[in-house]
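K.L.:
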Amino acid sequence: MHGIKVLMAKNYVDNLSEETRKGMIEKARQGMWPSYAPLGYRNVAGPDGKRNIEPDPDLAPHIKRMFEWYATSLYSLKQVAQAARAQGLVYRKSRSAVPISTVHKILRNRIYSGDFDFDGVTYRGSYEPLITRELWKQVQSVLDGRQNKRSGTAKERFAFSG
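Right, dumping it as structure tokens:
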């Protein structure tokens, strides 16, 4: 009897997971962000009762400025992160400073340009973008260009390397 109850519970959990996933994919197809809002946005209930995202009035200007600073290619990730922290960019709940790795993730995230990736597919969002698609592409080219410059000569030659 216990084994049957365990199987029924597992079936219930699997079905619930599948239905949730289908709902999130359908929401993404409609252009709505299907999860918790990223930094710079906040979750709000729309007029139709469905939850979507909108720019956070406190954090969105900081995110915009980060993209603008980095697009000039005059600032490194570390400098952009320091400047954003100096301007007041912090996490919503913990109010702790945003590290460089999070700044890198933000600059790589397509959601700020009005499109978003979900489940391996890119969708066009129905929410207000923080930056233009052109600015996002420019930041990506700066990020990609900086990665290509890293191929330098090693200080020392070690056996069996390369």
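Counted the way my numbering counts, the sequence shown spans residues 91 to 252. For each residue, glycine too, the CB sits at the ideal point set by N, CA and C. Being a predicted model, the structure only gives us computed values, none of them experimental.
With DSSP as the reference, identify every bridge partner of Glu246, one or two as the case may be.
P.N.:
The residue given as residue 246 occupies position 156 in the sequence shown. Answer is none; Glu246 lacks a bridge partner.
K.L.:
As a quick exercise: from Arg247, Ser251, Gln177, pick the residue whose alpha carbon is nearest that of Pro151.
P.N.:
Taking the first residue of the sequence shown as position 1, residue 151 is located at position 61. That would be Gln177, whose Cα lies nearest to the Cα of Pro151.
K.L.:
Pop quiz: Ala173 and Val232 are said to be a contact at Cβ under 8 Å. What is the actual Cβ separation, rounded to whole angstroms?
P.N.:
Taking the sequence shown and counting its residues from 1, the one referred to as residue 173 is at position 83. Taking the sequence shown and counting its residues from 1, the one referred to as residue 232 is at position 142. 16 Å between Cβ atoms; not a contact.
K.L.:
What residues are listed by DSSP as bridge partners for Ile143?
P.N.:
The count along the sequence shown starts at 1 and reaches residue 143 at position 53. For Ile143, which the question treats as bridged, DSSP gives the partners Asn133.
K.L.:
Taking only heavy atoms of the ligand FMN into account, decide whether any of them is closer than 7 Å to the Cβ of Val188.
P.N.:
Only the bare structure without any ligand can be found here, which leaves the ligand FMN out of the picture.
K.L.:
Evaluate the contact criterion for the region 195-204 versus the region 153-169: three or more CB pairs, one atom per stretch, below 8 Å.
P.N.:
yes
K.L.:
So, at 8 Å on beta carbons, what are the nonlocal neighbours of Ser216 in its own chain, with the 5 sequence-adjacent residues on each side left out?
P.N.:
Here residue 216 is taken as the residue at index 126 of the sequence shown, counted from 1. Taken in chain order, the residues that qualify are Gln120, Gly121, Met122, Asn142.
K.L.:
Using the Cα positions of Pro124 and Gln230, report the straight-line distance between them to the nearest angstrom.
P.N.:
For the purposes of this step, residue 124 is identified with residue 34 of the sequence shown, where counting begins at 1. For the purposes of this step, residue 230 is identified with residue 140 of the sequence shown, where counting begins at 1. Roughly 24 Å between the two C-alpha positions.
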